[in-house]
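Just so it is clear: in the sequence shown, position 107 is 107 by UniProt numbering, and no numbers are missing.
What follows is a single structure, written as structure tokens, with notes after it.
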Amino acid sequence: MSETLTHQDVQRLLADPSATTRAEMATKVAAQFGADQLSPSERALAEDIVRLMARDAAVRVRSALSESLKTYPAIPRDVALQLARDVEEVSLPFIELSSVLTDADLIELIKTGSEAKQSAVAKRPDVSEGVADALVDNGAETAVATLMANEAAKVNEAALTRVLNRFPKSDAVHAPMIERGSLPVTIAERLVTMVSEQLRERLVERHELPADVASDIVLQGREKATYELVGVATDAQLETLVEQLYRNGRLSPSLLLRSLCMGDVAFFEVALAQLARIPTPNARMLIHDAGKLGMKALFDRTGMPQSIYPAIKVALDVANETEFDGGEHDLERHRRKMLERILTQFEEMASDDLDYLLSKLTDLTTKV
Numbered sequence: 001m002s003e004t005l006t007h008q009d010v011q012r013l014l015a016d017p018s019a020t021t022r023a024e025m026a027t028k029v030a031a032q033f034g035a036d037q038l039s040p041s042e043r044a045l046a047e048d049i050v051r052l053m054a055r056d057a058a059v060r061v062r063s064a065l066s067e068s069l070k071t072y073p074a075i076p077r078d079v080a081l082q083l084a085r086d087v088e089e090v091s092l093p094f095i096e097l098s099s100v101l102t103d104a105d106l107i108e109l110i111k112t113g114s115e116a117k118q119s120a121v122a123k124r125p126d127v128s129e130g131v132a133d134a135l136v137d138n139g140a141e142t143a144v145a146t147l148m149a150n151e152a153a154k155v156n157e158a159a160l161t162r163v164l165n166r167f168p169k170s171d172a173v174h175a176p177m178i179e180r181g182s183l184p185v186t187i188a189e190r191l192v193t194m195v196s197e198q199l200r201e202r203l204v205e206r207h208e209l210p211a212d213v214a215s216d217i218v219l220q221g222r223e224k225a226t227y228e229l230v231g232v233a234t235d236a237q238l239e240t241l242v243e244q245l246y247r248n249g250r251l252s253p254s255l256l257l258r259s260l261c262m263g264d265v266a267f268f269e270v271a272l273a274q275l276a277r278i279p280t281p282n283a284r285m286l287i288h289d290a291g292k293l294g295m296k297a298l299f300d301r302t303g304m305p306q307s308i309y310p311a312i313k314v315a316l317d318v319a320n321e322t323e324f325d326g327g328e329h330d331l332e333r334h335r336r337k338m339l340e341r342i343l344t345q346f347e348e349m350a351s352d353d354l355d356y357l358l359s360k361l362t363d364l365t366t367k368v
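Set out below in structure tokens:
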């Protein structure tokens, strides 16, 4: 059967104007409409026919028209809007694919349309940041979950933060978020504290965190997992991540001690600056003050308990004195030497931190 409208089709429509025949004709008219060889007068006539069919009383006819026109970029804008605002059976395929709909049209559909229409927008192959923002702020849970599953959607870090604020307990939203190709480290850090055990394991696997992070996250608690996420942050992300940890009450003394024990002086410097509420360069000067008074004054300003200062002071001294040797497994050997010195120089460490250091020392020994 021909896919384009013929004289015989017109005769059949006159003889049998049923919804079934009209739906068939709608498909053929749409195919004719997409032809490049139409003259201006023929195109104007085709547009008038399409407008009439878009107002057909039968959903079946409008649905056939929508399905056929969804990939055509040159249909009249008024027809596109009419199909997009129609009932879901008609509108959903069109909303999902039509390039005629503008960002403003899509945002209107998000704000006034049904959950299914919001999800259709979220499935589009060209979701812009503006449309993604509208979905994040106005979309139902299923629509936002659909957006998270759309790798092509342009969802920025601020929008991802708002997603977590709106849906802090939704596995339906968190699961596809974890599966996205890349996540800002600040988002990954928040997810660690929010998702189920199964999703935590997938978060580690999907975003290629070190192999031992899974056991830290699942078995040893949030703080150990948080530090491993710090370890994959870039310099540009470090200030933002530390500020987020501080805001959420997670910039604990033991986390700072862990950073020093793992040789991460940079994190320690930024974290201490945040706790003391001074610029990082100023904190860095005080931390490495040759007179040793600067570090104590800075520590006192942070409000951390005095009982942990000796452990942090020893750890900082060891971190500053222990150099990388440049050989194979350089980082592991560096950390092992540091942990050994800390354990021998500070014997009154809190039991939790001592257990942590011993476990890390065992891990590092087996790797070298």
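Even for Gly, the Cβ is constructed at its ideal location relative to N, Cα and C.
Member of Ile-187, Ser-182, Glu-179 and Asn-150 whose CA lies at the smallest distance from the CA of Val-163: Indexing the sequence shown from 1 puts residue 163 at position 163. Of the listed residues, the one whose Cα sits closest to Val-163 is Ile-187.
Would you report the Cα separation of Glu-88 and Leu-203, rounded to the nearest angstrom? Working through the sequence shown from its first residue, we reach residue 88 at position 88. Working through the sequence shown from its first residue, we reach residue 203 at position 203. Looking at the two C-alpha atoms, the distance is approximately 35 Å.
Cβ of Thr-71 within 9 Å of Cβ of Leu-52? Within the sequence shown, the letter at position 71 stands for residue 71. Within the sequence shown, the letter at position 52 stands for residue 52. Not closer than 9 Å, so no.
Closer than 6 Å by C-beta to Ser-68: which residues in its own chain qualify, once you throw out the five before and the five after it? Chain order, please. Locating residue 68 in the sequence shown gives position 68, where the first residue counts as 1. Closer than 6 Å at Cβ, skipping near neighbours: Thr-27 and Ala-30.
Please list, in chain order, all residues of the same chain as Ser-128 whose beta carbon is under 7 Å from its beta carbon, the five residues on each side excluded. Within the sequence shown, the letter at position 128 stands for residue 128. Excluding residues within five positions, the ones whose Cβ falls inside 7 Å are Asp-103 and Lys-154.
Drop a sphere of 10 angstroms on the beta-carbon of Ser-307, count the other beta-carbons inside from all chains shown, and report buried for 16 or more, exposed for fewer. Sequence index remark: in the sequence shown, residue 307 carries index 307 (1-based). It counts as exposed.
Backbone secondary structure at Thr-102 - three-state DSSP: As a working mapping, residue 102 is identified with position 102 in the sequence shown. Coil at Thr-102, not helix or strand.
Cβ shell of Pro-176 (< 7 Å), same chain only, five flanking positions each side left out: By 1-based counting over the sequence shown, the position of residue 176 is 176. Ala-145, Met-148 and Ala-149.
N- and C-terminal bounds of the alpha helix (DSSP H) containing Gly-130: Taking the first residue of the sequence shown as position 1, residue 130 is located at position 130. Element bounds for Gly-130: 129-138.
Let's see if you can read the secondary structure: which residues bound the alpha helix (DSSP H) around Arg-77? Start at 1 with the first residue of the sequence shown, and residue 77 comes out as number 77. Counting along the chain, the alpha helix (DSSP H) containing Arg-77 begins and ends at 77-84.
Counting only the same chain and skipping the five closest in sequence on each side, list residues whose C-beta sits under 8 Å from that of Glu-243. In the sequence shown, the residue the question calls residue 243 occupies position 243. Contacts found: Gln-274.
9 Å is my cut-off, CB to CB: does Gln-244 come that close to chain D? Here there is only one protein chain, and chain D is not present.
If you reduce the DSSP assignment to three classes, tell me which class Asn-320 lands in. Here residue 320 refers to the residue found at position 320 of the sequence shown. Here Asn-320 sits in helix by DSSP.
For a test of the three-state rule: what should DSSP assign to Ala-58, helix, strand or coil? On the sequence shown, position 58 is the one that residue 58 refers to. Three-state DSSP puts Ala-58 in coil, outside helix and strand.
Could you check where the alpha helix (DSSP H) with Ile-95 kicks off and where it finishes? For the purposes of this step, residue 95 is taken as the residue at position 95 of the sequence shown. That run of the alpha helix (DSSP H) goes 88-97.
Please state the DSSP three-state secondary structure of Lys-123. Within the sequence shown, the letter at position 123 stands for residue 123. Coil.
Taking C-alpha atoms, which residue in Ala-74, Arg-62 and Arg-60 lies nearest to Ser-43? Within the sequence shown, the letter at position 43 stands for residue 43. Note on identity: in this sequence residue 43 is Arg, with Ser being the wrong assignment. Ranking the options by Cα distance to Arg-43, first place goes to Ala-74.
Could you check the C-alpha separation between Ser-66 and Gly-181 for me, to the nearest Å? Working through the sequence shown from its first residue, we reach residue 66 at position 66. Working through the sequence shown from its first residue, we reach residue 181 at position 181. Near 33 Å, if we compare the C-alpha coordinates of Gly-181 and Ser-66.
What are the boundary residues of the alpha helix (DSSP H) that includes Met-148? Locating residue 148 in the sequence shown gives position 148, where the first residue counts as 1. First-last of the alpha helix (DSSP H) with Met-148: 141-149.
Simplified DSSP assignment, three categories, for Met-177: Your numbering for residue 177 matches position 177 in the sequence shown. Here Met-177 sits in helix by DSSP.
Run the CB neighbour count on Gly-263, radius 10 Å, all protein chains shown included, and call it buried at 16 or more, exposed below. Mapped onto the sequence shown, residue 263 falls at position 263. By the 10 Å Cβ count, Gly-263 comes out buried.
Quick one, are the C-beta atoms of Ile-178 and Leu-191 less than 9 Å apart? Along the sequence shown, one-based indexing puts residue 178 at 178. Along the sequence shown, one-based indexing puts residue 191 at 191. Result yes, Cβ atoms of Ile-178 and Leu-191 sit closer than 9 Å.
Could you name the residues of the same chain whose beta carbon sits closer than 7 Å to that of Pro-93, not counting the 5 residues immediately before and after it, in chain order? Reading the sequence shown from its first residue, position 93 is the one you call residue 93. Correct list, in chain order: Ser-66, Glu-67 and Lys-70.
Hey, how far is the Cα of Arg-284 from the Cα of Thr-142? Taking the sequence shown and counting its residues from 1, the one referred to as residue 284 is at position 284. Taking the sequence shown and counting its residues from 1, the one referred to as residue 142 is at position 142. Straight-line Cα distance between these residues: approximately 47 Å.
Over what stretch of residues does the alpha helix (DSSP H) that includes Lys-296 continue unbroken? Here residue 296 is taken as the residue at index 296 of the sequence shown, counted from 1. Here the alpha helix (DSSP H) through Lys-296 covers 293-302.
Are the CB atoms of Ile-95 and Ala-120 within a distance shorter than 9 Å? Residue 120 sits at position 120 when you count from the first residue of the sequence shown. Residue 95 sits at position 95 when you count from the first residue of the sequence shown. In this structure, Ile-95 lies closer than 9 Å to Ala-120 by Cβ.
Please name the residue, chosen from Val-100, Arg-62 and Lys-296, that lies closest to Asp-78 on a Cα-to-Cα basis. The sequence position of residue 78 within the sequence shown is 78, counting from 1. It is Val-100 whose Cα lies nearest to the Cα of Asp-78.
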